[in-house]
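Notes for the one structure printed next.
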Amino acid sequence: MSWKKDFDLPVLELPGKTVTKLDFHPNKDLLAIASFDNSVRLLDVDIRNKDVNKVSEYSHAKSVLACKWGSDGTRLASGCVDGVLKVLDAGTGQTLDIGKHDGAIKAVAWASQDDQIVATGSWDKTLKYWDLRSATCIQSLPLPGKCLSMDATFPLMVVATADRHIQIFDLNNPMQPYRETYSSLKWQTRSVCTVVDPEYGYLLGSLEGRAVLSYCEPKNIEKTFTFKCHRINDKPYAVNCVNVTPEFPHVVATAGGDGSFSFWNIKTRRQLSTHTGLPGPITAACFNSKATVYAYATGADFCELDAVRKYNGIEKVNVHFHPIVPEDAIARE
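One point on numbering: in my numbering, the residue at position 274 of the sequence shown is 496, and numbering is uninterrupted.
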């Protein structure tokens with residue numbers, strides 16, 4: 223299917239460098255954009271009129287690798303290459319430096335139902351929990367490798383690290399992993415998202431052009447679903463993004479270094495639609511809260527062949543918005 227009907231971010235609002243993370247507000251179409259240009263932008267997306275307006279922007283000292291809204295949308299957490307965790311108060315527009323890792327913060331997640339605890343996964347091989355009421359680190363746990371991706375849907379949190387390690391946390395008892403395992407995929411993990419319908423599980427994307435749906439309990443191992451995706455003439459590209467639709471938790475999206483995104487039904491194990499031919503790798507993606515639009519960013523994903531695209535001038539940083547249409551078959555599922 224074609225992506226040509228998607229609309230783009232106005233040129234004046236574009237980040238200057240690769241977008242690392244996108245996250246929609248839980249209650250409205252306010253999109254947070256983290257970028258290598260040290261910024262976090264907040265954009266109001268008018269889906270009906272295909273219009274986008276910048277609401278605000280704040281900066282880190284260095285490249286921003288992660289951002290995540292709290293469940294009530296009053297605060298946004300973001301993590302930087304210099305290891306600093308910032309939290310934005312959306313009501314006042316003020317940011318607060320909460321704490322710092324010894325290495326880059328690769329991922330952030332909200333680790334309590336009242337949005338008072340933020341979890342950060344870092345390249346310094348630690349997972350830290352931060353209490354926002356006191357702006358202090360209340361626990362630091364060792365990870366088996368550099369954090370590569372992390373996602374949480376209370377009470378489940380999944381951390382993917384180097385060397386294919388997976389740590390599963392029950393956030394009712396977050397100070398130790400509930401279970402430690404390995405990715406069933408052969409290559410390095412690139413992305414993870416939690417799945418809670420009907421069993422607790424998680425979806426992984428890897429560098430090998432494959433994704434896998436795994437479950438937290440070993441008794442459900444027979445339900446594991448591995449599928450090929452993001453390949454051109456059977457050449458694999460990184461699965462840079464995996465996302466669950468909020469309204470339809472059995473429908474997921476994958477987006478990759480081949481410049482395409484696809485929607486999948488993980489219950490029926492079939493592809494619903496695919497959109498190819500984008501002007502570069504997809505580096506970040508997310509659904510809005512009502513699953514009426516899928517936002518995705520194109521740019522440099524620093525994987526194989528990316529240097530070729532860059533020096534040929536093909537790859538350009540942009541943020542696109544794909545209104546979910548009947549042909550995507552999401553609502554019918």
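Beta carbons: idealized from backbone N, C-alpha and C, even for Gly.
None of the values given here were measured: they were computed from a predicted structure.
Exercise. Which residue comes first and which comes last in the beta strand (DSSP E) that contains Q493?
Worked result: Position 271 of the sequence shown, counting from 1, holds the residue named residue 493. Here the beta strand (DSSP E) through Q493 covers 492-497.
Problem set entry | Residue interval of the beta strand (DSSP E) (run including N487) | By one-based count along the sequence shown, residue 487 stands at place 265. For N487, the enclosing beta strand (DSSP E) covers residues 483-487.
Exercise. Whose C-beta lies closer than 7 Å to the C-beta of K445 among residues of the same chain, with five residues either side of it excluded?
Worked result: Within the sequence shown, the letter at position 223 stands for residue 445. Annotation for K445: Y437 place their beta carbon closer than 7 Å to its own, counting only its chain and skipping 5 residues before and after.
Problem set entry | R355 in three-state terms, based on DSSP | Within the sequence shown, the letter at position 133 stands for residue 355. In the three-state DSSP reduction, R355 falls in the coil class, being neither helix nor strand.
Exercise. Are the beta-carbon atoms belonging to D259 and K284 less than 8 Å from one another?
Worked result: The residue labelled residue 259 in the question sits at position 37 within the sequence shown. The residue labelled residue 284 in the question sits at position 62 within the sequence shown. At least 8 Å separates the beta-carbon of D259 from that of K284.
For this session: Could you spell out where the beta strand (DSSP E) holding M397 opens and where it closes?
Result: For this step, residue 397 is matched to residue 175 along the sequence shown. Counting along the chain, M397 falls outside any beta strand (DSSP E), and DSSP gives it neither H nor E.
Exercise. At which residues does the beta strand (DSSP E) containing F543 begin and terminate?
Worked result: By 1-based counting over the sequence shown, the position of residue 543 is 321. Note, F543: beta strand (DSSP E), 540-545.
For this session: In angstroms with no decimal places, state the Cα-to-Cα distance between T296 and Q493.
Result: Here residue 296 corresponds to residue number 74 of the sequence shown, with the count starting at 1. Here residue 493 corresponds to residue number 271 of the sequence shown, with the count starting at 1. Within the model, the alpha-carbon separation for T296 versus Q493 is close to 35 Å.
Exercise. Using the C-alpha atoms, what's the distance from D392 back to L378?
Worked result: Here the question's residue 378 lines up with position 156 in the sequence shown. Here the question's residue 392 lines up with position 170 in the sequence shown. Distance between the alpha carbons of L378 and D392: 5 Å.
For this session: Could you tell me the boundaries of the beta strand (DSSP E) in which E279 lies?
Result: One-based indexing of the sequence shown puts residue 279 at position 57. 273-281 is the span of the beta strand (DSSP E), which, as asked, contains E279.
Exercise. Would you call Q335 buried or exposed, if buried means 16 or more other Cβ atoms sit within 10 Å of its Cβ?
Worked result: Along the sequence shown, one-based indexing puts residue 335 at 113. The residue in question, Q335, is exposed, as its Cβ has fewer than 16 Cβ neighbours within 10 Å.
Exercise. Is the beta carbon of A519 less than 8 Å from the beta carbon of N487?
Worked result: Here residue 519 corresponds to residue number 297 of the sequence shown, with the count starting at 1. Here residue 487 corresponds to residue number 265 of the sequence shown, with the count starting at 1. For the pair A519 and N487, the CB atoms are not nearer than the 8 Å cut-off.
For this session: Let me know the secondary structure DSSP gives D385 once reduced to three states.
Result: In the sequence shown, counting from the first residue as 1, residue 385 sits at position 163. DSSP places D385 in helix when its eight states are reduced to three.
Exercise. By how many angstroms is the C-alpha of L370 removed from the C-alpha of L349?
Worked result: For the purposes of this step, residue 349 is taken as the residue at position 127 of the sequence shown. For the purposes of this step, residue 370 is taken as the residue at position 148 of the sequence shown. Separation of L349 and L370 (C-alpha to C-alpha, rounded to the nearest whole angstrom) is 12 Å.
Exercise. Taking the beta strand (DSSP E) that N510 falls in, what are its first and last residues?
Worked result: Against the sequence shown, residue 510 aligns to sequence position 288. Run containing N510: none; DSSP gives neither H nor E here.
Problem set entry | Stretch-stretch touch, CB-based, cutoff 8 Å, three pairs: the region 314-323 with the region 287-294 | At 8 Å Cβ cutoff, the stretches do not touch.
Exercise. Taking just the CA atoms, how far does N275 sit from H542?
Worked result: Sequence index remark: in the sequence shown, residue 542 carries index 320 (1-based). Sequence index remark: in the sequence shown, residue 275 carries index 53 (1-based). When rounded, the distance between both Cα atoms is 14 Å.
Problem set entry | Given T448 as reference, the closest of G499, S405, Q316, N394 once Cα atoms are compared | On the sequence shown, residue 448 is found 226 positions in, with the first residue counted as 1. Of the candidates G499, S405, Q316, N394, the one whose C-alpha sits nearest the C-alpha of T448 is S405.
Exercise. Any idea if T242 is buried or exposed, counting beta-carbon neighbours within 10 angstroms, 16 or more meaning buried?
Worked result: Indexing the sequence shown from 1 puts residue 242 at position 20. Buried.
For this session: With DSSP as the reference, label D319 as helix, strand or coil.
Result: Here residue 319 refers to the residue found at position 97 when the sequence shown is read from its first residue. DSSP places D319 in strand when its eight states are reduced to three.
Problem set entry | Exposed unless 16 or more other CB atoms sit within 10 angstroms - verdict on S257 | Start at 1 with the first residue of the sequence shown, and residue 257 comes out as number 35. With 16 or more other Cβ atoms within 10 Å, it is buried.
Exercise. Out of G292, D480, Q316, which has the shortest C-alpha to C-alpha gap to G502?
Worked result: The residue given as residue 502 occupies position 280 in the sequence shown. Comparing Cα-Cα distances from G502 to each of G292, D480, Q316, the minimum goes to D480.
Problem set entry | Pick from N395, G423, T416 that is closest to C463, judged by C-alpha positions | Mapped onto the sequence shown, residue 463 falls at position 241. Selected option, being the one with the closest Cα: T416.
Exercise. Taking Cβ positions, are F246 and N465 nearer each other than 8 Å?
Worked result: On the sequence shown, position 24 is the one that residue 246 refers to. On the sequence shown, position 243 is the one that residue 465 refers to. No.
Exercise. Do H452 and T490 have their C-beta atoms within less than 8 Å of each other?
Worked result: Locating residue 452 in the sequence shown gives position 230, counting from the first residue. Locating residue 490 in the sequence shown gives position 268, counting from the first residue. Going by C-beta atoms, H452 is not nearer than 8 Å to T490.
Problem set entry | Distance between G521 and K239 (C-alpha atoms, nearest Å) | Within the sequence shown, residue 239 is the residue found at index 17, counting from 1. Within the sequence shown, residue 521 is the residue found at index 299, counting from 1. Rounded to the nearest whole angstrom, the C-alpha separation of K239 and G521 is 8 Å.
For this session: With a threshold of 16 other CB atoms inside 10 Å of the CB of G315, please say whether the residue is buried or exposed.
Result: As a working mapping, residue 315 is identified with position 93 in the sequence shown. It counts as exposed.
Exercise. What do you reckon, are the CB atoms on P237 and R270 nearer than 8 Å?
Worked result: Taking the first residue of the sequence shown as 1, we reach residue 237 at position 15. Taking the first residue of the sequence shown as 1, we reach residue 270 at position 48. Contact flag unset, no.
For this session: Alpha carbon to alpha carbon, how far is N394 from S293? Give it in angstroms, no decimals.
Result: Counting from 1 along the sequence shown, the entry for residue 293 is found at position 71. Counting from 1 along the sequence shown, the entry for residue 394 is found at position 172. Distance between the alpha carbons of S293 and N394: 17 Å.
Problem set entry | CB-CB length for D373 against V414, believed under 8 Å | In the sequence shown, the residue the question calls residue 373 occupies position 151. In the sequence shown, the residue the question calls residue 414 occupies position 192. Distance from D373 to V414 at the Cβ level is roughly 5 Å; contact confirmed, criterion being Cβ atoms closer than 8 Å.
Exercise. Can you pull the DSSP bridge partners for Q361?
Worked result: Position 139 of the sequence shown, counting from 1, holds the residue named residue 361. DSSP lists Y351 as partners of Q361.
Exercise. In terms of alpha-carbon separation, which member of E439, T505, D324 lies closest to F483?
Worked result: One-based indexing of the sequence shown puts residue 483 at position 261. When each option's Cα is compared against that of F483, the closest is T505.
For this session: Below 8 Å CB to CB, which residues in the same chain sit around Q338 once its five sequence neighbours on both sides are set aside?
Result: By one-based count along the sequence shown, residue 338 stands at place 116. Excluding sequence positions up to five before and after Q338, its CB lies within less than 8 Å of the CB of D353, L354, R355, all in the same chain and listed in chain order.
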